[in-house]
Every structure is written in C-alpha cells, then in structure tokens.
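Below is one structure; the comments refer to it alone.
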Amino acid sequence: MNYLSNIIFAISLIIGIGYFTRNVKKLWRNIKLGQDKDVSDNKSQRWKNMAMIALGQSKMVKRPVAGFFHIVVYVGFIIINIEVLEIIIDGLFGTHRVFSSMGTVYGFLISSFEVLAALVFVAVVVFWIRRNIIKLKRFMSAEMKGWPKNDGNFILYFEMVLMTLFLVMNATDATFQNAELYSGNIISQYLAPLFDGFSETSLHIVERTAWWIHILGILVFLNYLYFSKHLHILLAFPNTFYGNLNPKGQFSNNEAVTKEVMLMMDPDADPFAAPAEDENEETPAKFGASDVQDLSWVNLLNAYTCTECGRCTSECPANQTGKKLSPRKIMMDTRDRLEEVGKNIDANKGEFKDDGKQLLNDYITKEELWACTSCNACTEACPISIDPLNIIMEMRRYLVMEESAAPMELNNMMTNIENNGAPWPYNQMDRLNWKDD
Amino acid sequence: MSEQLKVPTMAEFMAQGKQPEVLFWVGCAGSFDDRAKKITKAFVKLLNSANVEFAVLGTEESCTGDPAKRSGNEFLFQMQAVTNIEVMNAYEIKKIVTACPHCFNTLKNEYPGLGGNYEVVHHTQFLKDLLNEGRLTVEGGQFKGKRITFHDPCYLGRANNVYEAPRDLIRKLDAELVEMKSCKSRGLCCGAGGAQMFKEPEQGNKDINIERTEQALETKPQIIAAGCPFCNTMMTDGVKGKEREGDVAVMDIAELIANAQDL
Chain A
770 MNYLSNIIFA
780 ISLIIGIGYF
790 TRNVKKLWRN
800 IKLGQDKDVS
810 DNKSQRWKNM
820 AMIALGQSKM
830 VKRPVAGFFH
840 IVVYVGFIII
850 NIEVLEIIID
860 GLFGTHRVFS
870 SMGTVYGFLI
880 SSFEVLAALV
890 FVAVVVFWIR
900 RNIIKLKRFM
910 SAEMKGWPKN
920 DGNFILYFEM
930 VLMTLFLVMN
940 ATDATFQNAE
950 LYSGNIISQY
960 LAPLFDGFSE
970 TSLHIVERTA
980 WWIHILGILV
990 FLNYLYFSKH
1000 LHILLAFPNT
1010 FYGNLNPKGQ
1020 FSNNEAVTKE
1030 VMLMMDPDAD
1040 PFAAPAEDEN
1050 EETPAKFGAS
1060 DVQDLSWVNL
1070 LNAYTCTECG
1080 RCTSECPANQ
1090 TGKKLSPRKI
1100 MMDTRDRLEE
1110 VGKNIDANKG
1120 EFKDDGKQLL
1130 NDYITKEELW
1140 ACTSCNACTE
1150 ACPISIDPLN
1160 IIMEMRRYLV
1170 MEESAAPMEL
1180 NNMMTNIENN
1190 GAPWPYNQMD
1200 RLNWKDD
Chain B
1014 MSEQLKVPTM
1024 AEFMAQGKQP
1034 EVLFWVGCAG
1044 SFDDRAKKIT
1054 KAFVKLLNSA
1064 NVEFAVLGTE
1074 ESCTGDPAKR
1084 SGNEFLFQMQ
1094 AVTNIEVMNA
1104 YEIKKIVTAC
1114 PHCFNTLKNE
1124 YPGLGGNYEV
1134 VHHTQFLKDL
1144 LNEGRLTVEG
1154 GQFKGKRITF
1164 HDPCYLGRAN
1174 NVYEAPRDLI
1184 RKLDAELVEM
1194 KSCKSRGLCC
1204 GAGGAQMFKE
1214 PEQGNKDINI
1224 ERTEQALETK
1234 PQIIAAGCPF
1244 CNTMMTDGVK
1254 GKEREGDVAV
1264 MDIAELIANA
1274 QDL
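Those protein sequences? They're chains A and B, same order as listed. Counting with this note's numbering, you get residues 770 to 1206 for the letters of the first sequence. Counting with this note's numbering, you get residues 1014 to 1276 for the letters of the second sequence.
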C-alpha cells in the first residue's frame, strides 16, 4: 500500500505524456498533408531567426505593453517548469523536495520561482483585463466569438490556477516554511498565515492536495495545447525557423507554370508532338490552392502555430476599413479545415473521403481573398513569422487559373496586358509618346 | 516645353554599338497615366542634367506582369516576364532603374528565377547615388522649411526594406520631414496594391486611401511625398476627397528634386 501514490503518479505521467505524444504525431501527420516545400537553405540564418524571434521575442516588444507582460509569462513559465523535474522525481520515488539537500542554492531557486510565479499571475490578470474589461478591439473581431474567446480565457485561468497552487503548496509545507536557511519562501511566507488555524494534519492535506492538483493540472494543460491556440508555445520555434527568408515582396514563381511557359517559348518544341508514353505520368498539377492539401506544409505549420493575437488583422488596411478580410481568420480557417480533414482521415481508416467541403468558399470566401492589397502588413506584424498573404495568393491563383473566377475588372485588366502589354487599353506602340507630349 | 528631353532608346544605343549606363524602366503608369507621365519627365530631366547615359526600351517595353501575378494569373505573369527578359537579355542589360516600386519589386525579385538577372534600383536610390557621387546637386530652393511627409510604398518599404533613400532626398531639400504615426515598416498601404488599383474595393466602411490620407493630413503637411505612381494617384484622390487640394500637394520625390532645381 505504501507504493500506491507512486503508482498512481507513474500512471498519470504515462497517460499524460502518452496522450500528448499521440496528438503530436497526429499534428505532424496533418502538417505533412501539405505540399512539399524546400526549406533546407540558409540554415545559419534560420537558426538566427529562431533565436531572435522565438527565443528572443524580438517582434513581441514592437507593442511594448503586451510585449513586456508576454515576456514575463514566457520567462516565468519556462523557468518555473524546472521545478516540475523535482516534482516528477518526488512523485515517482516518494521523496519530498529531493533537491532541498542543495541548501541555499535550493532556497535561491525556489525563491526565484516564487517571484516569477507571482509576476506571471499579475501578468495573466493584466491579459485577462485586456480581453474582458478593456476589450481591446483586436480581441473583439467577428472570428473571435465563441470558442476562440473562451479558449483565450481558459488558458489564462489555467495559468492563474497553476501559479496559485504552486504558491499554496509551498505556503502549506510546514518543513519548508520553517527551514529558514532556505529563504525560499519569499512570496509564500505571506500566504502561510492564511492557514494559521489549521491543524498539522489538515495543513498536510492541503499541501498534498495542492501538490497533486498542480502536477495533474500541468499534465492536463499539456494535453489541452493540442486542442487550443496555445500550441504556439511549442510551434513558434519551428515556425520561425522555417519562416520566409526572401524579401517580402518576392512571390514564388509557380514551377508547373514555368514549364508550360518555357515550352511555349521554345521555337524547337513540336506543337503537334504526342505526349510521351509514360506509365508513371504524373497527373497534371493543380494550380493554386482550394483546400488545405494544396497548400505547402509550411502554410499548415503556420496555421497550427497561430495563437490568434490579431496583430496581423489590426494592421491590415482592408480590415481597418471594414472589409471582411482578416488575416487572422485566414489562419484560423486553414487550421480548422485541416483539423476537419485530419478527423475525416481518422474516421476513414487513414484515407481522406471527400466530404464535399473545401477551404475555399466553405471557410474562406472570395470576397475576403479579393480584398487583400498584398501590402505585407500582416506578415510584418506577426511576432512569429506566420504568412497569411501566401495562403491568400495561392487561393487567388486557384480562382484565376483553375476557375477563371477573377472579378470582371481584373479580367479586363489582364486582357489588356495580354493584348497590348499594359493594364489599360493603350497601344504598345504609343509607349514612348510621353516624351513629346 | 522649354527644352527637349533627351530620351534615347536601347535600339538607338545598339545601332551605335554602345551600352548605356542604366536602363530606365518607365512602366505602364509612367508611360500612359497622365499624372505619372509628369513623374517620368521629372526623372528624365534629372537624368539629363546629371548627364547619365541612360536608355529606355520604348515600344519594346511591356508590362512586367506584376498586376497579373498579384491577381493570381501566374501564366500571364510568366509570359510577360519571359518576353521582357528575352528583350533585355538580347540588349545585355546589366542595371535597371525604375520609378515604380511594383516594377522594381518584380524585376528585382521575381525575374531572376526566370532567367533575368539585373541590378535593379528604385529611382530614389539612384538619385541618392547621383547626389553622393556629386553628379547631381540639390538645394532646398522652393521647398526650404516646407513640411513634407513621406508615404512609404509597400513594395518599396516592407517588401524590399528601402526606407531611407527617399527620406534622405527629402532632407537634402532642407525641408522639414514629418512622419506619420504609422510609417516605415508599419506604413499603411494606399489601397492600390495587389491589383486593387484596377478594381472597385470590396464592401467596407471606408476607402483605404481616405484612411491613409487622413493619417497624412494629421501631420499638417504642405506636401505629401510619394515614391510610386499608384500611391500618388490614391493619395491625390484622397486629398481631393478631403477637399484639401488647395493647400496640400502630392508629389513624387523626383518631382521635388527637379522642381527644387528649377528644371
């Protein structure tokens, strides 16, 4: 019977980490549903970007208030999690504060965790106030109704509760509070008096309860990530690593199109030649994207990484002037459709069964796509290198090249370019007339 | 026109067996749009006065394909690009200057992948180099002390990180450069990019160029400076929409420099 708690702990740990691993595998499979994209170039720049943008939070601080509090939570969360190591060892081997033999070093560590826990708590309260009392505009957009709003708040509640439990568990640990040489109770000593009237037994029960709920809470939170926008705490790192390194104005040249164009321009090509017989002949490439599988895997990684902060949308000129386009919604729609496709695959023994839906129209409308000015304000604003513009352009390519569904004025413009080499109906032969006007 | 502009074509250079220093890519707006043609001429006056050996393609120039590409028509874009590249490679073009950030971006970033490798600069960068080399001098003249705000074209600024060249030129005019609250990497689009120039905007509660013009007017400028023919149109329309065309002018950087020199 003495080992019962150790066993329960080990089982919880295995279930918690096991279920998370299962979901991470699913996540990875879904991301790989995207088209190949070569991102093996320029490794050193990529490491640098990851270090600066994800680890160093360089773009978060562009908005100083949110940036500052975010860094508090980020640093706090990472450092306090060192304590989880001790909790796991204690839980598995039935020890109590196994690292406390380090003496003053331990005291210093725990006291810094306590300070950070208090700071994280304050920062999270500030975030909650920004979302629920001040109601910052970017958290109030149409796409933030319902689950996305609740998701944001749940994460904040999780963090508040976990930080409180950590402090309570220290405050009610009589040995820890009384071992003055540690001076680790820098914050929790002020909580301890709350439990003054408690008997030794009930104090111990409170301490154990806080300890258990704290570690179980961490495991639950870990597994909540997959179902939440909060995945960014992990995916921000690969996402900044695989982010775009080219000038923002450079849009990729579609290779399938290049092949066709080069063939058309080749004077030696035989226009009547029968296509070469080839057993493994590839199906003709689909131009652009109408569903998530047509996008690149980096687009899909972007979609899972987005934490819906809305900086992109708040900088978007179309959104600022009341158009339907919201770059954040583009990312959320891509993720939600990808999840739907993933579930479809799970339900159909590993194969996708056509569900009569797609990303285009069922999630993202043409009206949104045509409102984009391709100004790159969204990609500039994103603190973790997400590129909504690339998805918009891929979908426009599908609309124009597969469906010929551009707005009429744009079709006129393109006809002009085709006929006379300018977007307006002027004769190419008049191109130099300006000099004599 | 008091003096004739010298605008040699590549064909003429070729006929004389010579290579110009730089190809001036005029662009569709610069060739056909009445407002933008003035910018083209101002820039040519500056090139003439600095004795730059430049040439244009003239009737051999065709749309870079930018608006087609941003609309999603990759076919049309690549057809345009490959045709233009054939012309330019035949002339052995090494360096291109253009007054249109959209042409600039496409030529610089999207042509190399299709076989067109050139050194491409925006006219503000080129003018700045001319000043640095002492080939062009600029004095404040009529713009001394004037309040000028610069609207960053997306395809020059965010797209290609060129923020300082146009501002350096404005400073050279001894003018008072005032910045809008969203400028440089956070500059708001004028509303013309991504082929929006050629269509009506989607349903909303405001036009983007009005929003941007309001931001510009907040700086109480006498001149709104632009570096793109499309931004120029949008901001000019915005200023008219706000009925401020009487006291606020929208001018290209090339026009500012040319006017300062009384060219």
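Even for Gly, the Cβ is constructed at its ideal location relative to N, Cα and C.
Beta bridge counterpart(s) of W1038/B as assigned by DSSP: W1038/B has T1111/B as its beta-bridge partners, per DSSP.
N-terminal and C-terminal residue of the beta strand (DSSP E) that V1010/A is part of: Residue identity differs from the one stated: residue 1010/A is Phe in this sequence, not Val. According to the DSSP assignment, F1010/A belongs to no beta strand (DSSP E) but to the alpha helix (DSSP H) extending over 1001-1010.
CB contact flag (I987/A, L925/A, <8 Å): Going by C-beta atoms, I987/A is not nearer than 8 Å to L925/A.
The alpha helix (DSSP H) enclosing M1033/A, as first and last residue numbers: It spans 1024-1034 - the alpha helix (DSSP H) in which M1033/A sits, taken as one unbroken run.
N1173/B vs C1203/B beta-carbon contact at 8 Å: Result no, Cβ atoms of N1173/B and C1203/B do not sit closer than 8 Å.
Nearest candidate by alpha-carbon position, reference I1114/A, set K801/A, S781/A, I783/A: When only C-alpha atoms are compared, the closest one is K801/A.
Contact list for the segment 1245-1264 of chain B against chain A, Cβ threshold 7 Å: So the list is empty, because no residue satisfies the distance condition.
Boundaries (first-last residue) of the alpha helix (DSSP H) holding I1237/B: DSSP places I1237/B outside any alpha helix (DSSP H); the residue lies instead in the beta strand (DSSP E), whose first and last residues are 1236-1239.
Own chain, CB closer than 6 Å to V895/A, minus 5 neighbours either side, in chain order: If we look at V895/A and ignore the five residues flanking it on each side, its Cβ neighbours are F838.
Proximal chain B residues relative to F1020/A, where beta-carbon distance stays under 7 Å: Neighbours of F1020/A in chain B, taken as residues at a C-beta separation under 7 Å, are given in chain order as K1082, E1123.
Any chain A beta carbon closer than 8 Å to A1172/B: Yes, its Cβ sits closer than 8 Å to a Cβ of chain A.
CB contact check: Q826/A to chain B, cutoff 8 Å: Not one chain B Cβ lies under 8 Å of Q826/A.
Under the three-state DSSP convention, the category I1161/B falls into: Correct three-state label for I1161/B: strand.
Residues of the segment 1195-1216 of chain B whose Cβ lies closer than 9 Å to any Cβ of chain A, in chain order: For the segment 1195-1216 of chain B, which is checked against every Cβ of chain A, the residues closer than 9 Å are S1195, S1198, R1199, G1200, L1201, C1202, C1203, G1204, A1205, G1206, G1207, A1208, Q1209, M1210, F1211, K1212, E1213, P1214, E1215, Q1216.
Within 7 Å of chain A by C-beta, residues of the segment 1085-1098 of chain B in sequence order: The segment 1085-1098 of chain B vs chain A, Cβ under 7 Å: G1085, N1086, E1087, F1088, L1089, Q1091, M1092, Q1093, V1095.
8 Å Cβ shell around L1120/B - same chain, five flanking residues per side excluded: Here the set comprises W1038, T1077, I1109, T1111, G1129, Y1131, V1133.
Cβ neighbour criterion (16 or more within 10 Å) applied to E1099/B: Taking all protein chains shown into account, E1099/B has fewer than 16 neighbouring C-beta atoms within 10 Å of its C-beta and is therefore exposed.
Per-residue contacts from I1221/B into chain A (C-beta, under 8 Å): When 8 Å is used as the limit between beta carbons, I1221/B is near these residues of chain A: P1086, A1087, Q1089, T1090, T1142, in chain order.
Three-way DSSP call (helix, strand, coil) for A1262/B in this model: Looking at A1262/B - three-state DSSP - the assignment turns out to be strand.
Any non-hydrogen atom of the ligand MN closer than 7 Å to N992/A Cβ: The ligand MN is not among the ligands present in this structure, which contains no ligands whatsoever.
Other residues of its chain near L963/A: CB distance less than 8 Å, five sequence neighbours each side excluded: Same-chain partners within the cutoff: A940.
Interface residues of the segment 1129-1142 of chain B facing chain A [CB-CB below 7 Å]: Contact residues of the segment 1129-1142 of chain B toward chain A are absent (C-beta to C-beta distance below 7 Å).
For H839/A, the first and last residue of its enclosing alpha helix (DSSP H): Per DSSP, H839/A belongs to the alpha helix (DSSP H) from 833-849.
Simplified DSSP assignment, three categories, for H865/A: In the structure shown, H865/A falls within a coil segment according to DSSP collapsed to helix, strand and coil.
Simplified DSSP state of L1190/B, which is helix, strand or coil: L1190/B: strand per DSSP, three-state reduction.
Under the three-state DSSP convention, the category V1020/B falls into: Coil at V1020/B, not helix or strand.
Residue from D942/A, A1038/A, V989/A, I898/A with nearest C-alpha to H973/A: Comparing Cα-Cα distances from H973/A to each of D942/A, A1038/A, V989/A, I898/A, the minimum goes to D942/A.
Simplified DSSP assignment, three categories, for W1149/A: A small fix is needed here, since residue 1149/A is Glu in this sequence, not Trp. Helix, per DSSP.
Any C-beta of chain A under 8 Å from that of C1167/B: Answer yes: the Cβ-Cβ gap between C1167/B and chain A drops below 8 Å somewhere.
Reduced DSSP category for S1065/A - H, G, I as helix; E, B as strand; rest coil: In the structure shown, S1065/A sits in a strand (DSSP, three-state: E or B).
Minimum Cβ-Cβ distance from V1061/A to chain B less than 8 Å: No - not a single Cβ of chain B is within 8 Å of the one on V1061/A.
Among T1103/A, K1098/A, G1079/A, L773/A, the one whose alpha carbon lies nearest that of S1059/A: If you compare the alpha carbons of T1103/A, K1098/A, G1079/A, L773/A with that of S1059/A, the shortest gap goes to T1103/A.
Short CB-CB distance (under 8 Å) between G1071/B and chain A: Taking Cβ atoms only, chain A reaches closer than 8 Å to G1071/B, which makes this a yes.
Residue range of the beta strand (DSSP E) that includes V1133/B: Per DSSP, the unbroken beta strand (DSSP E) holding V1133/B starts and ends at 1132-1135.
Cut-off 8 Å between Cβ atoms - residues of its own chain near M1027/B, not counting five sequence neighbours on either side: Only Y1104 meet the Cβ criterion.
Simplified DSSP assignment, three categories, for A1068/B: Secondary structure of A1068/B (DSSP, three-state): strand.
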